[in-house]
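S.K.:
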Amino acid sequence: MRRITFAIVLAGLFILLAGIHQPTLARQNADEVVLAYVHENTVKLADAQGNPITIVGPEFQTGQAASLLWTPDGERLYIARRDGLYETSAEGGAAVRLPGDFSITMALDRSGKSIYYIESSNPAEADQPGFITFPLRETSLLNMGGTGRLVNYIGNYSLGSSDVALGGAAFQYARDGGILGGGRPRLIPTYGTTLFYSCCFPDAGLNAIDISSGEIRAYDSTFIPGPSAINSSLSRLAGPTINGTIRVIDLITAGTRDYPINFGDVERIAWALDDSALYLAVRGTPKDPLPLSPLVTSPIDDREADIFVWRLDLVTGGLVQLAELGDFYGVSSIAATDEYVFLTVVERNVALVNDLNSGRLPADLSPADPRLTSDYLTGSILYRIRTDGSEALSILADVWGVVAKPRR
Numbered sequence: 000m001r002r003i004t005f006a007i008v009l010a011g012l013f014i015l016l017a018g019i020h021q022p023t024l025a026r027q028n029a030d031e032v033v034l035a036y037v038h039e040n041t042v043k044l045a046d047a048q049g050n051p052i053t054i055v056g057p058e059f060q061t062g063q064a065a066s067l068l069w070t071p072d073g074e075r076l077y078i079a080r081r082d083g084l085y086e087t088s089a090e091g092g093a094a095v096r097l098p099g100d101f102s103i104t105m106a107l108d109r110s111g112k113s114i115y116y117i118e119s120s121n122p123a124e125a126d127q128p129g130f131i132t133f134p135l136r137e138t139s140l141l142n143m144g145g146t147g148r149l150v151n152y153i154g155n156y157s158l159g160s161s162d163v164a165l166g167g168a169a170f171q172y173a174r175d176g177g178i179l180g181g182g183r184p185r186l187i188p189t190y191g192t193t194l195f196y197s198c199c200f201p202d203a204g205l206n207a208i209d210i211s212s213g214e215i216r217a218y219d220s221t222f223i224p225g226p227s228a229i230n231s232s233l234s235r236l237a238g239p240t241i242n243g244t245i246r247v248i249d250l251i252t253a254g255t256r257d258y259p260i261n262f263g264d265v266e267r268i269a270w271a272l273d274d275s276a277l278y279l280a281v282r283g284t285p286k287d288p289l290p291l292s293p294l295v296t297s298p299i300d301d302r303e304a305d306i307f308v309w310r311l312d313l314v315t316g317g318l319v320q321l322a323e324l325g326d327f328y329g330v331s332s333i334a335a336t337d338e339y340v341f342l343t344v345v346e347r348n349v350a351l352v353n354d355l356n357s358g359r360l361p362a363d364l365s366p367a368d369p370r371l372t373s374d375y376l377t378g379s380i381l382y383r384i385r386t387d388g389s390e391a392l393s394i395l396a397d398v399w400g401v402v403a404k405p406r407r
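If you want it as structure tokens, here you go:
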């Protein structure tokens, strides 16, 4: 598999940009809309090539985080932020803020009529010292407003799980992908009244809760929910395990199948639209690591990886490498369509490391220094990779939060 050179990426970018039409506020044919993402600090709908065609909003401030969710029928798009929940449609139109209190960690039920969310602003002490738990709430989309029905308190989350040095690349990554390695806490709808969730964020562990009764049970202590993905029919869940496999869970029969993976850490997963394969964004050893001086004591997050994209055939178990993208901080989101795999990658802390090494910044720079989120916020890039591996191009800068519209 060839390595994508900088020159090839630039040439492809120029060619693609020449054919891109400027996005508008006008409504579109919903069939032309395939993706949604945040581009240049506003939500846009995009076509099958990944090009933005419609601006729907809302606008974002620097560092403001969100989750983008399509309804199962692909007709509506929700943008969940800490300041509220916004709704638009696949035809476009300005996103409207809905009444009620929500959070970024949420999920739609199978019918698309109810929302489950973690009330992150109202933690409580867990039974285990040093850990906290959060209310899980349910709200009907037919009766919005106020705070949703309390289902139960869920999770056993470490108090230190959010105490990370979020500056530079980590700050950019967090608005989309959460914490590198742990992701975000997940809520995963299944059949009937069962909802899966991250039991032990940022560590591994999948629990189940009965939405009707609030009863909780442990489900899979080795499953890592952060990078996991559910298929478009909401019938199968796939994610890495702490044992070095990809586990596919059948949500109807509760059966599982494990696929051995031995070439790096799986950071993101997307399902092929026909459910025959998984696309894996995998972290490998960086080719050209940033040399942080041992004199630097600032607790910056200088992690990096050579990013690979693989296709895992779920019938044969065969693996095919589709692309090698080069050294980045990480992959904050991934989405798959019939023709392409789209990824948003966050660039490394090159300028920050260079300025720390040269003394332009103090070696003991505080993680709270405002320059880390103003002067050293790294970029994020949208890549487009053919599902057969014949093409891999960076097509758009300043993009994050990519999600594919479910196919009807």
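Each residue of the sequence shown is one higher than the one before, counting from 0 in numbering that gives the first Met the number 0. For every residue, glycine included, the Cβ atom is placed at its ideal position computed from N, Cα and C.
According to DSSP, Val265 sits in a beta bridge with which residue or residues?
M.R.: Val265 is bridged to Val281.
S.K.: Who pairs with Ile114 in a beta bridge, going by DSSP?
M.R.: Paired residue(s): Leu107 and Thr138.
S.K.: Look up Gly91 in the DSSP assignment and give the residues it is bridged to.
M.R.: Looking at the DSSP assignment, Gly91 forms a beta bridge with Ser88.
S.K.: Give me, in chain order, the residues of the same chain whose beta-carbon lies closer than 6 angstroms to that of Ile241; leave out the 5 immediate sequence neighbours on both sides.
M.R.: These residues qualify, in order along the chain: Ala203 and Thr221.
S.K.: Tell me, to the nearest whole angstrom, how far the beta carbon of Ala280 is from that of Val308; I am working on the premise that it is less than 8 angstroms.
M.R.: Yes, they are in contact, since the Cβ atoms of Ala280 and Val308 sit about 6 angstroms apart, within 8 angstroms.
S.K.: Here's the rule I'm using: 16 or more other beta-carbon atoms within 10 Å means buried, otherwise exposed. How should Ala367 be labelled?
M.R.: Exposed is the call here.
S.K.: Enumerate in chain order the residues of its own chain whose CB-to-CB distance from Tyr76 is below 6 angstroms, with the five nearest sequence positions on each side excluded.
M.R.: The amino acid occupying residue 76 in the given sequence is Leu; Tyr does not appear at that position. Within the same chain, Leu76 has close Cβ partners Ala35, Trp69 and Thr87.
S.K.: Let me know if Ala93 comes out buried or exposed under the rule of 16 or more other beta-carbons within 10 Å of its beta-carbon.
M.R.: Exposed: under 16 other Cβ atoms inside 10 Å.
S.K.: Just the C-alpha distance for Asp274 and Pro285, rounded to the nearest angstrom, thanks.
M.R.: Looking at the two C-alpha atoms, the distance is approximately 31 angstroms.
S.K.: Which ranges does the beta strand (DSSP E) cover as unbroken runs of at least 3 residues, wholly within the region 217–247, from first to last along the chain?
M.R.: Runs found: 235–239.
S.K.: Go ahead and pull the three-state DSSP assignment for Thr372.
M.R.: Residue state, collapsed to three classes: helix.
S.K.: How about Ile245 and Leu205: do their beta carbons lie closer than 8 angstroms?
M.R.: In this structure, Leu205 does not lie closer than 8 angstroms to Ile245 by Cβ.
S.K.: Once you ignore the five residues that flank Leu371 on each side, which residues in its own chain have a CB closer than 6 angstroms to its CB?
M.R.: The answer, listed in chain order, is Gly166 and Gly167.
S.K.: What distance in whole Å lies between the Cβ atoms of Gly238 and Pro224, which are believed to be in contact at a cut-off of 8 angstroms?
M.R.: So it is a contact: roughly 6 angstroms between Cβ atoms.
S.K.: Using C-beta distances below 6 angstroms, list every residue in its chain close to Ala106, excluding the 5 sequence neighbours before and after it, in chain order.
M.R.: For Ala106, where only same-chain residues beyond five positions count, the Cβ hits under 6 angstroms are Tyr115, Leu186 and Pro188.
S.K.: Which value, in whole angstroms, describes the spacing of the CA atoms of Gln63 and Arg80?
M.R.: Using only the alpha carbons, I get a separation of about 8 angstroms.
S.K.: If you reduce the DSSP assignment to three classes, tell me which class Val319 lands in.
M.R.: Strand, per DSSP.
S.K.: Assuming Asn356 is part of the alpha helix (DSSP H), what are its boundary residues?
M.R.: Val349 to Ser357 is the extent of the alpha helix (DSSP H) around Asn356.
S.K.: Could you check what DSSP says for Ala203 in three-state terms: helix, strand or coil?
M.R.: Reduced to three states, the DSSP call for Ala203 is coil.
S.K.: Given a threshold of 16 other Cβ atoms within 10 Å of its Cβ, counted over all protein chains shown, does Val32 qualify as buried or as exposed?
M.R.: The residue is buried, with at least 16 neighbouring Cβ atoms inside 10 Å.
S.K.: Identify the continuous alpha helix (DSSP H) that holds Arg174 and give its terminal residues.
M.R.: Its alpha helix (DSSP H) spans residues Ala168 to Gly176.
S.K.: With H, G and I counted as helix, E and B as strand and the rest as coil, what does DSSP make of Glu31?
M.R.: If DSSP states are grouped into helix, strand and coil, Glu31 belongs with the helices.
S.K.: Excluding the 5 residues flanking Gly263 on each side, which residues of the same chain have their C-beta closer than 6 angstroms to its C-beta?
M.R.: If we look at Gly263 and ignore the five residues flanking it on each side, its Cβ neighbours are Val281, Arg282 and Gly283.
S.K.: Can you tell which of Lys43, Thr146 and Val344 has its C-alpha closest to the C-alpha of Phe305?
M.R.: Looking at the sequence itself, residue 305 is Asp, so the reference to Phe does not match. Selected option, being the one with the closest Cα: Val344.
S.K.: Residues bridged to Arg383 by DSSP?
M.R.: Paired residues: Phe341 and Leu392.
S.K.: Under the three-state reduction of DSSP, which class applies to Leu158: helix, strand or coil?
M.R.: Helix, per DSSP.
S.K.: Are there 16 or more other CB atoms within 10 angstroms of the CB of Ser373, so buried, or fewer, so exposed?
M.R.: When all chains shown are included, Ser373 counts as exposed.
S.K.: Going straight from the alpha carbon of Leu84 to that of Val150, what length do you get?
M.R.: C-alpha separation (whole angstroms): 20 angstroms.
S.K.: Go ahead and pull the three-state DSSP assignment for Lys404.
M.R.: Three-state result, Lys404: coil.
S.K.: Report the residue from Gln60, Ala45 and Phe59 whose alpha carbon sits nearest the alpha carbon of Thr53.
M.R.: Of Gln60, Ala45 and Phe59, the residue nearest in Cα terms is Ala45.
S.K.: Where does Tyr196 fall in DSSP's three states?
M.R.: Three-state DSSP puts Tyr196 in a strand.
S.K.: Within the chosen definition, does the region 310–319 reach the region 391–406 through at least 3 CB pairs nearer than 8 angstroms?
M.R.: They do not touch, by the three-pair rule.
S.K.: Can you tell me which of the three DSSP states Asp100 falls into?
M.R.: Correct three-state label for Asp100: coil.
S.K.: Have a look at Leu236 and Val265 and give me their C-alpha separation to the nearest angstrom.
M.R.: So the alpha carbons of these two residues sit roughly 15 angstroms apart.
S.K.: Take the Cβ of Ser332 as the centre, count every other Cβ of all protein chains shown within 10 Å, and call the residue buried at 16 or more, exposed below.
M.R.: Label assigned to Ser332: buried.
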